[in-house]
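**Q** Chains as they are written, first to last, in my numbering: chain A, 1 to 219; chain B, 220 to 438.
Have a look at this one.
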DNA sequence: AGCGAATGTTACTGACCGGTAACTTACGCT
DNA sequence: AGCGTAAGTTACCGGTCAGTAACATTCGCT
């Protein structure tokens, strides 16, 4: 942004706290996701979002019909981003479902151990948004169901004895890993043993080690 | 003015929506715990609590210095109740740590599967109360740390190879079980496979079955 | 230059929030 | 009976919330 203001006008859109490049709507969206995740959805008002995005409430309501709609849209973006990371994690190990599961754990743990991690945004939203009619509920429910489905499918592809039980067990570990992060700092919590727990379960459910040059032909 | 009031006196403490027996303070406390757990802490105002307890806001503030103090006290009561259930669960199996761990899972699962279950009140509070100075934080942190300590200790008592890793893994399963309950109804979620997952981990970490029934094929 | 869309600015509404003041009523105890 | 105390009642405070109205400004484009 050029700085050609001769008037003492109050800082056009110079340096907002969060990303100053894109359109107002994008800045608001990005700021909202950040604040919602960091401070909680109910704790953040639209004023704080607009201000954090370097704009004001009116511009907020020109871009979003309501706060609830913004929340739902943020959750959708979170889901999309999550699947992106999921797919990127498992892509290098196509054909090796066991390794793919481990990669998902590695990715989740790495993300959860970060300094700025505050648990799973979707799970947190499920706690904060209890009104049954909130538009975000469907997003959360569909997302969690899909996580479960994929884990069970990976367990089946890996040839687990009882793939659904294994998939569910892995999901419990994953969910536990993110939620405990809210109470235990960094990697000091039980999250530190999440991957080894997953490996132990995999060892227990998968038939043969086949560790030597595994070239199994799965889907 | 003995008859100044046209209506009969407004039912001293007859039938409030929540437990009508005890003193006002107790009714408020009980109502608050229920509402906080069911609707969320931030979603419930002191007016709603007082009204739900069949009294009014002034009586609320005669019993509690502030809403935050009430919240912290509710969390403490939740912790006490939890340890009560924990101790009651493991008492019948003194001297059999493995069976005690299973009993804790059974108890937690049974509680989480209930129609009215909304996850772990302490974990939920950790999500809702993000301000670092909230008096409830210490309660939550101490509680979770103690859960971890006890599980690790039980794992050690059971003779696990790496007792800390096993204890952490069990904690992740437990935390995952309660948190997924917020998204999956009743026992339809991965929570249904929580106990079998715990047993699988126990089998993997504990040395000899030492049980007559166990007929293991793979090791 | 001029037009229109996007954005900034200010002020406002109505509801709710946590918390308090002042007063009144009812009950228990001695 | 009389007193202290627990409790009900009403009104209020200052602040914040989501959301809107009316107007001013800037910018991109032709």
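Heads up, the beta-carbon is just placed ideally off N, CA and C, and yes, glycines get one too.
1) Looking at residue 139/A and residue 76/A, is the spacing between their C-beta atoms short of 7 Å?
2) Taking the straight line between their C-alpha atoms, what separation do you get for residue 64/A and residue 126/A?
3) CA-CA distance, residue 130/A and residue 137/A?
4) Given that a residue counts as buried once 16 or more other Cβ atoms are within 10 Å of its Cβ, and exposed if not, what is residue 277/B?
5) What residue range is occupied by the uninterrupted alpha helix (DSSP H) comprising residue 244/B?
6) Taking only three categories from DSSP, how would you classify residue 279/B?
7) Residue 363/B to residue 51/A, Cα distance in whole Å?
8) From residue 109/A to residue 102/A, what distance separates their C-alpha atoms?
9) In terms of residue numbering, what span does the alpha helix (DSSP H) encompassing residue 124/A cover?
10) Using a Cβ distance threshold of 8 Å, determine whether the segment 180 to 192 of chain A contacts the segment 410 to 424 of chain B, with at least three qualifying pairs required.
11) Any Cβ of chain A within less than 7 Å of the Cβ of residue 399/B?
12) Applying a beta-carbon distance threshold of less than 7 Å, which residues of chain A neighbour residue 402/B?
13) May I ask you to list, following chain order, the residues of the segment 241 to 264 of chain B that have a beta carbon less than 7 Å from some beta carbon of chain A?
14) If the cut is a Cβ gap below 7 Å, which residues of chain B does residue 196/A touch?
15) Along chain B, in chain order, which residues have C-beta atoms closer than 7 Å to that of residue 177/A?
16) Compute the Euclidean distance between the alpha carbons of residue 323/B and residue 247/B, then round it to the nearest angstrom.
17) Residue 260/B and residue 394/B look like a contact to me (Cβ under 8 Å); what is the Cβ gap, rounded to whole Å?
18) So if I threshold CB-CB distances at 8 Å, which residues from the segment 268 to 280 of chain B count as touching chain A?
19) Residues in the same chain with beta-carbon distance under 6 Å from residue 397/B, minus the five sequence neighbours each way, listed in chain order, please.
20) Rounded to whole angstroms, what is the Cα-Cα separation between residue 173/A and residue 251/B?
**A** Looking at the atomic coordinates:
1) Locating residue 76/A in the first chain gives position 76, where the first residue counts as 1. Locating residue 139/A in the first chain gives position 139, where the first residue counts as 1. For residue 76/A and residue 139/A, yes; Cβs fall inside 7 Å.
2) On the first chain, residue 64/A is found 64 positions in, with the first residue counted as 1. On the first chain, residue 126/A is found 126 positions in, with the first residue counted as 1. Spanning the two alpha carbons is a distance of roughly 22 Å.
3) Along the first chain, one-based indexing puts residue 130/A at 130. Along the first chain, one-based indexing puts residue 137/A at 137. The alpha-carbon atoms of residue 130/A and residue 137/A are separated by roughly 9 Å.
4) Taking the first residue of the second chain as position 1, residue 277/B is located at position 58. Answer is exposed; the Cβ neighbour count stays below 16.
5) The sequence position of residue 244/B within the second chain is 25, counting from 1. It spans 243 to 258 - the alpha helix (DSSP H) in which residue 244/B sits, taken as one unbroken run.
6) As a working note, residue 279/B is residue 60 in the second chain. Secondary structure of residue 279/B (DSSP, three-state): helix.
7) Working through the second chain from its first residue, we reach residue 363/B at position 144. Working through the first chain from its first residue, we reach residue 51/A at position 51. Approximately 36 Å, taken between the alpha carbons.
8) For the purposes of this step, residue 109/A is taken as residue 109 along the first chain, with counting starting at 1. For the purposes of this step, residue 102/A is taken as residue 102 along the first chain, with counting starting at 1. A direct Cα-to-Cα measurement between residue 109/A and residue 102/A gives close to 10 Å.
9) Here residue 124/A refers to the residue found at position 124 when the first chain is read from its first residue. Unbroken alpha helix (DSSP H) run through residue 124/A: 121 to 128.
10) Fewer than three beta-carbon pairs drawn from the segment 180 to 192 of chain A and the segment 410 to 424 of chain B are found closer than 8 Å, and the two stretches are therefore not classed as touching.
11) Along the second chain, read from residue 1 onward, the residue named residue 399/B stands at position 180. Taking Cβ atoms only, chain A reaches closer than 7 Å to residue 399/B, which makes this a yes.
12) For the purposes of this step, residue 402/B is taken as the residue at position 183 of the second chain. Residues of chain A whose Cβ lies closer than 7 Å to the Cβ of residue 402/B are, in chain order, 126, 140, 141 and 144.
13) Listed in sequence order: 258, 259, 261 and 262.
14) The residue you call residue 196/A lines up with position 196 of the first chain. Per Cβ cutoff of 7 Å: 384.
15) Along the first chain, one-based indexing puts residue 177/A at 177. When 7 Å is used as the limit between beta carbons, residue 177/A is near these residues of chain B: 391, in chain order.
16) Numbered from 1 along the second chain, position 104 holds the residue referred to as residue 323/B. Numbered from 1 along the second chain, position 28 holds the residue referred to as residue 247/B. Between the alpha carbons of residue 323/B and residue 247/B lies a gap of roughly 30 Å.
17) Taking the second chain and counting its residues from 1, one reaches residue 260/B at position 41. Taking the second chain and counting its residues from 1, one reaches residue 394/B at position 175. For residue 260/B against residue 394/B, the beta-carbon gap comes to about 19 Å, at or over 8 Å, which does not count as contact.
18) Listed by position, the residues of the segment 268 to 280 of chain B near chain A (Cβ gap below 8 Å) amount to none.
19) Stepping through the second chain from its first residue, residue 397/B is reached at position 178. Hits under 6 Å: 331, 338 and 339.
20) Looking up residue 173/A in the first chain gives position 173. Looking up residue 251/B in the second chain gives position 32. It is roughly 31 Å from the alpha-carbon of residue 173/A to the alpha-carbon of residue 251/B.
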